[in-house]
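Residue numbers (the working numbering), protein chains in the order written: chain B, 586 to 750; chain P, 146 to 433.
We put the beta carbon where it would ideally sit given N, CA and C, even for glycine.
Quick caveat: nothing in here was measured; it's all calculated off a predicted structure.
I have placed the structure first, in the form of structure tokens, so that the comments after it can refer back to it.
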């Protein structure tokens, strides 16, 4: 048995306090301890991106992150992204483009896509492809996923321009 | 998986160095290597897991009079976003651009990449080519002492460095490239993202009149550690660039590498890659 760690962090805008074993991954904490199963376990080695979450505003593979390292940080999972404005835009675009096949890669892709669009509103195809290079879709539906992210990004850009005028 | 008896997150270098004096500790920074290696049974966790992410002394990129001091905790994304790295350590910047994926670049640290000491480590090859040295700190008689080790002496074998267990890698120091220095990093893999190099090459030089000066050549994944290729460098130093000189450098490089056959490439293929790609990337640098 590993030592336990007391940690406190913000998860989807809610303050949490938790005791986790020192060897536990953030993915295990989310899925097994907190019941947030939207974040998927794919490879467990950082190759597939299915477990992508936001930590302090940047994306990480939660399978590679020790849960103890969440202490003092701000986490957003797909459950948090889904109810954001950016998440709703992405969901609508994924549905409209038919970008969901088996759906297993979708949560990770939505989180990563929200990060790409936030950094590059109106991102072109090359930027999108580069941005999601760490997310695998084994149904290989990349064309529609890229189209969906592009569409969501253009909607986001219109929102930005509209906000300015 | 071995059990962790104690988890610690020191707030200062002194505190971290103290812990390393007293206990066998696994050092956690980004975790992108530590997690899969310990889960996969390739690395045994020590009784203490020490998270160094809160140690302020390990952060930041600063220009210290012609030498860039890159803190061990600087992430690959931070290197990509650093104007100093992009402009004056462009060879390193290029390697960071080829590094894993966005999610991994956002957390993986340069100190972790160095200490993991993979023969194929992406940042190791340009850092070797640019004469980098690492700063190792340890505590003795109540004070923190530092020593500097050139990268050519730091790597010992696959996954092993000369860092003692009581030492913490605090920074890597890299001389800024001289004006006119041009470099190119090349990584051969089966896809652009998330691939471990079958071979990698970092080369650089500057043109001085008609000849090449400050020629630097380093290779990854063709020996038990990343290596410099001094004989290949000598074949070009002070000479006018041309097809015959490049061929001579490639022949010299083949004498210096010791590739193996593994899942990513055969010994023969690695030799072919080094011979052909060294000439191509050096040709770009020489604008041939």
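(message) Looking at chain P, is there any beta carbon in it that lies within less than 8 angstroms of the beta carbon of residue 637 of chain B?
(response) Counting from one through the first chain, the residue named residue 637 of chain B turns up at place 52. Chain P, which has a Cβ nearer than 8 angstroms to the Cβ of residue 637 of chain B, makes this yes.
(request) Could you spell out where the alpha helix (DSSP H) holding residue 377 of chain P opens and where it closes? (result) Residue 377 of chain P sits at position 232 when you count from the first residue of the second chain. Counting along the chain, the alpha helix (DSSP H) containing residue 377 of chain P begins and ends at 375-381.
(request) Please confirm whether residue 381 of chain P and residue 367 of chain P have their CB atoms less than 8 angstroms apart. (result) Within the second chain, the letter at position 236 stands for residue 381 of chain P. Within the second chain, the letter at position 222 stands for residue 367 of chain P. Against a cut-off of 8 angstroms, the Cβ pair of residue 367 of chain P and residue 381 of chain P comes out as no contact.
(message) Measuring alpha carbon to alpha carbon, tell me which residue in P:153, P:420, P:379 and P:312 is nearest residue 288 of chain P.
(response) The residue given as residue 288 of chain P occupies position 143 in the second chain. Checked all of P:153, P:420, P:379 and P:312; the closest Cα to residue 288 of chain P is P:312.
(message) Judging by CA-CA distance, which residue of B:603, B:701 and B:685 is the nearest neighbour of residue 638 of chain B?
(response) In the first chain, residue 638 of chain B corresponds to position 53, counting from 1. Ranking B:603, B:701 and B:685 by Cα distance to residue 638 of chain B puts B:701 first.
(request) Identify the continuous alpha helix (DSSP H) that holds residue 235 of chain P and give its terminal residues. (result) By one-based count along the second chain, residue 235 of chain P stands at place 90. Start and end: 235-242.
(request) Run down chain P in chain order and give the residues with a C-beta less than 8 angstroms from the C-beta of residue 590 of chain B. (result) If you number the first chain from 1, residue 590 of chain B lands on position 5. Simply 152.
(request) Assuming residue 179 of chain P contacts residue 173 of chain P (C-beta within less than 8 angstroms), just tell me the rounded distance between them. (result) As a first step, residue 179 of chain P must be located in the second chain, where it is residue number 34. As a first step, residue 173 of chain P must be located in the second chain, where it is residue number 28. Yes, residue 179 of chain P and residue 173 of chain P are in contact; Cβ-Cβ is about 6 angstroms, under 8 angstroms.
(message) By DSSP's criteria, residue 285 of chain P is part of a beta bridge. Which residues make up the other side?
(response) Indexing the second chain from 1 puts residue 285 of chain P at position 140. DSSP, once it has assigned bridges, lists P:288 as partnering residue 285 of chain P.
(message) The beta strand (DSSP E) that contains residue 608 of chain B, what's its start and end?
(response) Along the first chain, one-based indexing puts residue 608 of chain B at 23. Unbroken run through residue 608 of chain B: none, as it is neither H nor E.
(message) Assuming contact is defined by CB atoms lying nearer than 8 angstroms, are residue 240 of chain P and residue 347 of chain P in contact in what I supplied?
(response) Position 95 of the second chain, counting from 1, holds the residue named residue 240 of chain P. Position 202 of the second chain, counting from 1, holds the residue named residue 347 of chain P. Against a cut-off of 8 angstroms, the Cβ pair of residue 347 of chain P and residue 240 of chain P comes out as a contact.
(message) So if I threshold CB-CB distances at 7 angstroms, which residues from the segment 211-236 of chain P count as touching chain B?
(response) none
(request) Determine the chain B residues that contact residue 264 of chain P at a beta-carbon separation under 8 angstroms, and present them in chain order. (result) Within the second chain, the letter at position 119 stands for residue 264 of chain P. Correct list: empty, because the minimum Cβ distance to chain B is about 19 angstroms.
(request) Just confirm the distance between the C-beta atoms of residue 662 of chain B and residue 251 of chain P, as a whole number of angstroms; I'd bet it's less than 8 angstroms. (result) Indexing the first chain from 1 puts residue 662 of chain B at position 77. Indexing the second chain from 1 puts residue 251 of chain P at position 106. Actually they do not touch by this definition, with Cβ atoms about 16 angstroms apart.
(message) Assuming residue 230 of chain P and residue 327 of chain P are in contact, meaning their beta carbons sit under 8 angstroms apart, how far apart are those beta carbons, in whole angstroms?
(response) Reading the second chain from its first residue, position 85 is the one you call residue 230 of chain P. Reading the second chain from its first residue, position 182 is the one you call residue 327 of chain P. That pair is no contact at about 16 angstroms.
(message) According to DSSP, simplified to helix, strand and coil, what is residue 278 of chain P?
(response) Stepping through the second chain from its first residue, residue 278 of chain P is reached at position 133. If DSSP states are grouped into helix, strand and coil, residue 278 of chain P belongs with the strands.
(request) Step through the CB atoms of chain P and report whether any lies within less than 8 angstroms of the CB of residue 609 of chain B. (result) Taking the first chain and counting its residues from 1, the one referred to as residue 609 of chain B is at position 24. No, residue 609 of chain B does not count as interfacial toward chain P.
(request) Could you tell me whether any Cβ in chain B is nearer than 8 angstroms to the Cβ of residue 324 of chain P? (result) The residue labelled residue 324 of chain P in the question sits at position 179 within the second chain. For residue 324 of chain P, the answer is no, since every Cβ of chain B falls outside 8 angstroms of its Cβ.
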